[in-house]
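See below for the structure under consideration.
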Amino acid sequence: MQRRMPTLFAVATGQPAMRREVDMMGLTVCLALLVSLVAGNDHEAHSKFDLIVIVWATTVGLVLTHSFALALSVRLVKDPAFVIHPGLLLLMQLAMATVVAVVTSAVVLLTSSEFDRLGARMSAAVFLGLLVGAEVRTGGSSWPRSLGWGLGAIGAALALATGKWFIGL
Numbered sequence: 011m012q013r014r015m016p017t018l019f020a021v022a023t024g025q026p027a028m029r030r031e032v033d034m035m036g037l038t039v040c041l042a043l044l045v046s047l048v049a050g051n052d053h054e055a056h057s058k059f060d061l062i063v064i065v066w067a068t069t070v071g072l073v074l075t076h077s078f079a080l081a082l083s084v085r086l087v088k089d090p091a092f093v094i095h096p097g098l099l100l101l102m103q104l105a106m107a108t109v110v111a112v113v114t115s116a117v118v119l120l121t122s123s124e125f126d127r128l129g130a131r132m133s134a135a136v137f138l139g140l141l142v143g144a145e146v147r148t149g150g151s152s153w154p155r156s157l158g159w160g161l162g163a164i165g166a167a168l169a170l171a172t173g174k175w176f177i178g179l
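Residue numbering for the sequence shown follows this note's numbering, beginning at 11 and increasing consecutively.
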């Protein structure tokens, strides 16, 4: 019987500390994207290109900034309990941010200019809720409890996303 090498994803997600760090970045990226897209007026003319630049600069830029700070702090403060390889963490966090950015960019491109900022915020809100629900389930909670947490997170984030659109500032 041939033994298969574990995938990078399996190795990374098998470490609770790694999964926590990647999830934290996924949640932070979604929240930062929501906040960055709240700035500006949804009802004024804007280009889709500028909106996609905001999406990618926020998501990937946040990961790169965090990774730089982590690399410095690992060198400054020696902690034998910190067993996560910073390069692997960067790779996994970039993967998480890239998924958010690709999905959000697709929503921006597929919706009309009137609703593209709203759609981008909604995609970040939904991703945040899915991540919360999946992690609650992975932590051992029941399907109903996981669904409740996920839907609660989606609801709170969607309230922010849609509230901004209705206010129109």
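C-beta atoms are modelled at their ideal positions from N, C-alpha and C, and glycine is treated no differently.
Residue i to residue j span [Cα, whole Å]
{"i": "S77", "j": "G97", "result": "9 Å"}
{"i": "R30", "j": "F92", "result": "13 Å"}
{"i": "G50", "j": "I64", "result": "12 Å"}
{"i": "L104", "j": "V110", "result": "10 Å"}
{"i": "L168", "j": "A81", "result": "34 Å"}
{"i": "D44", "j": "A171", "result": "Asp is not the amino acid found at residue 44; the sequence shown has Leu there. The alpha-carbon atoms of L44 and A171 are separated by roughly 7 Å."}
{"i": "T148", "j": "A55", "result": "43 Å"}
Own chain partners of residue i with C-beta closer than 8 Å, once the 5 adjacent residues on each side are dropped
{"i": "M28", "result": "A22, I94, L98, L99, M102"}
{"i": "L157", "result": "G143"}
Nonlocal neighbours in the same chain, by C-beta distance under 7 Å from residue i, ignoring five residues either side
{"i": "L61", "result": "V118, D126, R127, A130"}
Endpoints, the alpha helix (DSSP H) within which residue i is located
{"i": "S115", "result": "96 to 120"}
{"i": "V73", "result": "58 to 86"}
{"i": "E145", "result": "126 to 148"}
{"i": "D52", "result": "No alpha helix (DSSP H) contains D52, which DSSP labels as neither H nor E."}
{"i": "S156", "result": "153 to 177"}
For residue j and residue i, believed in contact at Cβ under 8 Å, the rounded distance
{"i": "L138", "j": "C40", "result": "4 Å"}
{"i": "A42", "j": "T68", "result": "5 Å"}
Cutoff 6 Å; reference residue i; Cβ partners in own chain excluding five residues on either side
{"i": "A107", "result": "V39, T69, V70, V73"}
{"i": "D33", "result": "E145"}
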